[in-house]
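In this text, residue positions in the sequence shown follow UniProt numbering: the first is 247, and each later residue adds one.
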Amino acid sequence: DMAEKGGYPDFMLKEIYEQPRVVRDTLVGRLAPNGELDIDELGLSFEELNVIDRIYVIACGTSYHAGLIAKNLIESWARIPCEVEAASEFRYRDPIITPSTLVVAVSQSGETADTLAAIRDARIKGAKVFGITNVIGSPVARESDGVIYTKANKEIAVASTKSFIGQIVSLTLLALLLGQAKGRLTTGQVRMLFHELGDTSAQIQRIFDTQLDAIHEAACACQGAQSALFVGRGMGAAISYEGALKLKEVSYLHAEAYAAGEMKHGPIALIEPGFPVIAVTTKSPTYDKVVSNLKECEARGARIIALATEGDEDIKRIADHVIYIPPVRDAFSAITASVPLQLLAREVALMRGCNVDQPRNLAKSVTVE
Ligand code: G6P
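Shown next, in the form of structure tokens:
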């Protein structure tokens, strides 16, 4: 058992630590010498991609959260309207689909029943379907028009970690490709962004090397709580949703994520002295806004755990605990900032005596509706 876990105490930790490799492997061979992205398996030419005028990302669970991140990137780089929808909802709606609609189905296992049903439905209605999956030859791969493999390798812990990072990196490649096909990104910009994307591999490693004590302290602050709130804006909101899901899944601590600007419309009522608020405050266009939202929490006695950019000393004025992330473009912040949240969830779970690899009531893949 220990050998399978490569010396780690559990698969979750082993898989979290594989993430720098997942970033590298997902990018290997993707940038051709002429500076063009090389994603042949998608099987669509630039001309065909250029026609796409609406995108739905459909997925479940953690994969759905990868979709929320992709929406930000696709809309900002390719300027194509993009909606993210739970596959279980999508399949029972009557979504607007035309031949110029692209459906991107994201599924680690490639066999989630709702996601597959949504793919089938979308294709009948005439959409092009791309699959983002970790499993070669899986139903999602077989039933999609094109596919990007996430190169995470087999994931054993039920709560997804390395697959999530592989999905974000793959979706980022897709967003870059669409940006290029739409003529919104130049070859030079794509090349620069591609290299920065690759740098996140070393940045994740740096978090492992420098932030474990800070994460441990933050976990101690959450351990005895009844509930926790995750907040952020923009990319930070998407990161928060996955952070809260991870914590719930493995530690059974109730956690909720909210776009920080919405706090005042409800969740702020929950705050009382000692209530843990985990905030994504990495440098971004909305940094000041998040900080002012946090001041509201601080005034009510919240215990604030901030995920901040290295060098941000100011944040210590309102945060009780700070976990530092290497400086990274906002577009890539989900790749780095999600990693300490995975470690946080795991530590809280272990402190509460939970089995991090096999949480109760959850299954690795859900092949029935
Ligand atoms: C289950 C797993 C989650 C996963 C979700 C979607 O709920 O426990 O970790 O995110 O299914 O799975 P998929 O394989 O489609 O990404």
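Using N, Cα and C, we set each Cβ at its ideal position, and we do this for glycine too.
Supposed contact pair residue j and residue i - C-beta distance, whole angstroms, cut 8 Å
i           : j      : result
Ser447      : Val269 : 4 Å
Leu439      : Leu422 : 6 Å
Ala591      : Val496 : 5 Å
Val404      : Thr272 : Rounded, the Cβ-Cβ distance is 22 Å, inconsistent with contact.
Gly482      : Val537 : Not confirmed; about 11 Å, so no contact.
Leu362      : Glu389 : 7 Å
residue 622 : Leu431 : Any question about residue 622 goes unanswered here, given that the chain covers just 247 to 615.
For residue i, the three-state DSSP class (helix, strand or coil)
i           : result
Pro531      : coil
Asp353      : A small fix is needed here, since residue 353 is Ser in this sequence, not Asp. Ser353: strand per DSSP, three-state reduction.
Leu590      : helix
Pro266      : helix
Val330      : strand
Ser473      : strand
Arg366      : helix
Asp518      : At residue 518 the sequence reads Glu, which differs from the Asp that was named. Residue state, collapsed to three classes: coil.
Glu502      : strand
Leu596      : helix
Val568      : strand
Tyr487      : helix
Ile343      : coil
Gly372      : coil
Gly444      : helix
Leu431      : coil
Ala254      : Per the sequence shown, residue 254 should be read as Tyr rather than Ala. Three-state result, Tyr254: coil.
Val585      : helix
Arg337      : coil
Arg300      : strand
residue 620 : An answer regarding residue 620 cannot be provided, because it is not within the stretch 247 to 615 covered by the chain.
Gly478      : strand
Test item: CB-CB of residue i and residue j under 8 Å
i      : j      : result
Lys374 : Leu348 : yes
Glu287 : Ile394 : yes
Leu277 : Leu283 : yes
Ile304 : Gln457 : no
Ala312 : Gln413 : yes
Leu314 : Ala484 : yes
Ala359 : Val614 : yes
Ile378 : Val585 : no
Gly429 : Val386 : no
Leu417 : Ala351 : no
Gln265 : Ile517 : no
Ala332 : Tyr310 : yes
Arg300 : Glu442 : no
Ile411 : Glu593 : no
Gly520 : Arg549 : yes
Ile571 : Ala464 : no
Lys492 : His500 : no
Pro522 : Ala471 : yes
Cβ-based burial, residue i [other Cβ within 10 Å; buried from 16]
i           : result
Asn539      : buried
Ala583      : buried
Asp367      : buried
Tyr533      : buried
Gln588      : buried
Leu608      : exposed
Ser473      : exposed
Asn280      : exposed
Glu335      : exposed
residue 617 : Residue 617 falls outside the range modelled here, since the chain spans only 247 to 615, and no answer is possible.
Lys541      : exposed
Pro531      : exposed
Ala554      : buried
Arg606      : exposed
Val436      : buried
Residue i Cβ short of 7 Å to the ligand PLP heavy atom set
i      : result
Gln354 : Absence of the ligand PLP from the depicted structure is noted, with the ligand G6P being the only ligands included.
Minimum Cβ-Cβ distance from residue i to chain D less than 8 Å
i      : result
Ser390 : Of the protein chains in this structure there is only one, and it is not chain D.
Q) Counting pairs of beta carbons, one from the segment 341 to 359 and one from the segment 585 to 599, are three or more of them closer than 8 Å? A) no
Q: Could you tell me whether the segment 321 to 331 touches the segment 500 to 516, where touching means 3 or more Cβ pairs closer than 8 Å?
A: no
Q: Give a yes or no on contact between the segment 579 to 591 and the segment 512 to 532, applying the rule of three or more CB pairs nearer than 8 Å.
A: yes
Q) Okay, do the segment 250 to 267 and the segment 555 to 573 touch, 3+ Cβ pairs below 8 Å being the bar? A) no
Q | Validate contact between the segment 397 to 411 and the segment 293 to 300 using beta carbons, cut 8 Å, 3 pairs | A | no
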